[in-house]
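A short write-up of the structure that comes next.
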């Protein structure tokens, strides 16, 4: 018989028959069922001997990693499976497994940066007696989650650099690392704050901080920058550190005076050693670069200077009458290497002591005034200067020695201007006045003489010698040729009698000499265009106000034979009978000349070979053409005559104009 196997056939069904051996017809039958009881002869069996799972490291405690399953073909307690982790210690303690469910869950916080991979030994055990087991391996790989913050290599960074470092030079390098993987671990750098003016730049990849603009220790000696390191995760993490950049002073600032131009007044009374001013400068640098030494640039001055304080003092007595103004320079130099310096201008005006009288610019002044001048007319100004200061304190007056002459004049006590008072001057009675004037400061005085001449006033009007000037002039007179001279006289004197001649209305063809009155041709003349000219000339004196006289000029332009005669027609035509008698009038030609008199007399003649073969004649003065012989149309039906005209007295070679005539014969 074969052994029983419940797992293959848990029940057996068959029919049982009982019969007599003697009588086979007697029998009985019954159905029999045999149930095979289980024996724990099967071990649990995992669905897979090896499980693999990839999970992120940010799973929460209690989150399911995966489920493992085992089967046992037994029944009852022999098939009841319990799951366990057999190597659940150390790092593997972060997981647990459901004893009945086989569900593996997170029991502790995962950290990929600590453990990246786990290998769990899972056991499935039935509850038979004795129990049977099976083993499976679960490999769990933990993937990175951006849960790490970049960490700088230092808590803070410090760099010391000179203030004259060039843009583009390296200051320092910051470095941060991130324990995540991939892009979660890639770090980029940037400034958080402290670089508002853009003085520095940072390489976002390697963290190099460089100078971006010119630095100035005197403006900002210490720069505190905050640098941010940020990873490239989807939800990036960042960290921040401080960078302190300390500038070392460089002697790049020259001393600066508080005032570049000092103005001082020092009285010439002050004694040697007197301090009269302090010039001060400042230097934005530090330490020795900031310490200043003062000195005078120029030498041979009556001044000294304290090298530490900049105090200016007298080294010898001043004398304003010798030197009233000093201009010099003070140098401020620092103690840097190399030293830098600057200069300031100092102007010292020497204060005056009034020990000199006023001094007139002239000993004698001359002035003139017209006899009809109005009261208040300015005649002359006297001026005095005082070697001392305060010339505005000089007062001008007439000296009492000339009381009679003073009554016609007034003088401004401040300006020295002498004007006419309400006095009637008469050139015929008094032609000059002599005065004495005085200039006085606070207590010293000086004197000068003034001579005033009375001048004749402009009382006469210029008069021409003729009211109308008539002149004949050839039209051939060249430009610049003299026409005539007009002359006027003025009974006044001086400028009042000086005359200037003008043509009242501008003339293109003539001009007048303003000083002599000579009239000349200024443009070529043409009698045929303008045979006569009439214009007005004036003579104006130089008085104030000026007076003017006038005269008329009549100019007649005489003819010059400068025009050619010309025919009124260039062609003439006439028909005549062939049987007319000799001497018969045919036609009359006519010419004109724009000249006048004998210059316009015209002589007519036939041109050479222009008389129709001698068949015609022409009246030399009238231009009448007549037949000279009998005409025969059958022989010559048409004649072409050429007539020329001449000026009277010219030769045949001096042809002025010609005309053609046609004579046809009628039968």
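Residue numbers (full-length UniProt numbering): 1 to 667.
Even glycine gets a Cβ: it sits at the ideal position worked out from N, Cα and C.
Being a predicted model, the structure only gives us computed values, none of them experimental.
Between which residues of its own chain and residue i is the CB-CB distance below 8 Å, once the five residues before and five after are set aside?
i	result
residue 15	29, 30, 31 and 32
residue 236	146 and 230
residue 560	474, 475, 476, 527, 595 and 599
residue 364	448, 449, 450 and 451
residue 415	381 and 396
residue 616	586, 606, 625, 626, 627, 628, 639, 641 and 663
residue 313	273, 274, 275, 276, 303, 304, 305 and 306
residue 84	97, 99, 122, 123 and 125
Rounded to whole angstroms, how far is the Cβ of residue i from the Cβ of residue j, which I believe are closer than 8 Å?
i	j	result
residue 426	residue 465	About 32 Å separates the two Cβ atoms, so there is no contact after all.
residue 40	residue 87	Not confirmed; about 26 Å, so no contact.
residue 152	residue 176	5 Å
residue 222	residue 244	7 Å
residue 417	residue 378	6 Å
residue 401	residue 436	5 Å
residue 541	residue 458	6 Å
residue 270	residue 348	Not a contact, Cβ separation roughly 11 Å.
residue 124	residue 133	6 Å
residue 328	residue 301	6 Å
residue 107	residue 96	4 Å
residue 375	residue 446	29 Å between Cβ atoms; not a contact.
Looking at the strands, I want to know which residues DSSP matches up with residue i.
i	result
residue 226	193 and 242
residue 98	None, per the DSSP bridge assignment.
residue 331	295 and 343
residue 248	162
residue 29	17
residue 61	None; residue 61 has no bridge partner.
residue 256	282
residue 615	Answer by DSSP bridge pairing: none, since residue 615 is not bridged.
residue 484	519
residue 68	DSSP lists no partner for residue 68.
Over what stretch of residues does the beta strand (DSSP E) that includes residue i continue unbroken?
i	result
residue 454	445 to 455
residue 12	11 to 19
residue 432	432 to 440
residue 672	In the structure as shown, the chain starts at 1 and stops at 667, and residue 672 therefore has no counterpart that could be examined.
residue 407	Segment: none, residue 407 is in no beta strand (DSSP E) and carries neither H nor E.
residue 220	First-last for residue 220: undefined, no H or E at that position.
residue 536	532 to 541
residue 571	571 to 577
residue 314	311 to 314
residue 136	133 to 143
residue 474	468 to 474
residue 304	303 to 305
residue 210	208 to 211
residue 117	117 to 125
residue 585	585 to 588
residue 645	638 to 647
residue 367	364 to 370
residue 414	No beta strand (DSSP E) contains residue 414, which DSSP labels as neither H nor E.
residue 261	261 to 267
Would you mind working out which of the options sits nearest residue i, comparing C-alpha positions?
i	options	result
residue 307	294, 490 and 316	294
residue 109	251, 147 and 327	147
residue 480	93, 505, 510 and 126	510
residue 548	586, 502, 573 and 520	502
residue 571	395, 526 and 591	591
residue 579	631, 194, 255 and 327	631
residue 645	636, 601, 94 and 288	601
residue 333	342, 606, 215 and 485	342
residue 120	104, 128 and 216	104
residue 248	287, 259 and 315	287
residue 622	635, 603 and 608	603
residue 98	63, 577 and 486	63
residue 534	413, 240, 552 and 278	552
residue 444	398, 374 and 355	355
residue 703	492, 495, 478 and 468	Past the edges of the chain, shown from 1 to 667, lies residue 703, and the structure says nothing about it.
residue 550	207, 299, 538 and 388	538
residue 589	581, 577, 23 and 566	566
Starting from the C-beta of residue i, find all residues in its chain whose C-beta is less than 6 Å away, skip the five residues before and the five after it, and write them out in chain order.
i	result
residue 12	34
residue 610	641 and 642
residue 652	Below a pLDDT of 50, predicted positions are generally treated as unreliable, and residue 652, at 33, falls in that range; no measurement from the model is reported.
residue 280	258 and 310
residue 324	350
Within the same chain, show all residues whose beta-carbon is closer than 7 Å to that of residue i, passing over the 5 residues directly before and after it, in chain order.
i	result
residue 19	26 and 27
residue 2	none
residue 126	40, 44, 72, 74, 78, 79, 80, 81 and 132
residue 316	272 and 302
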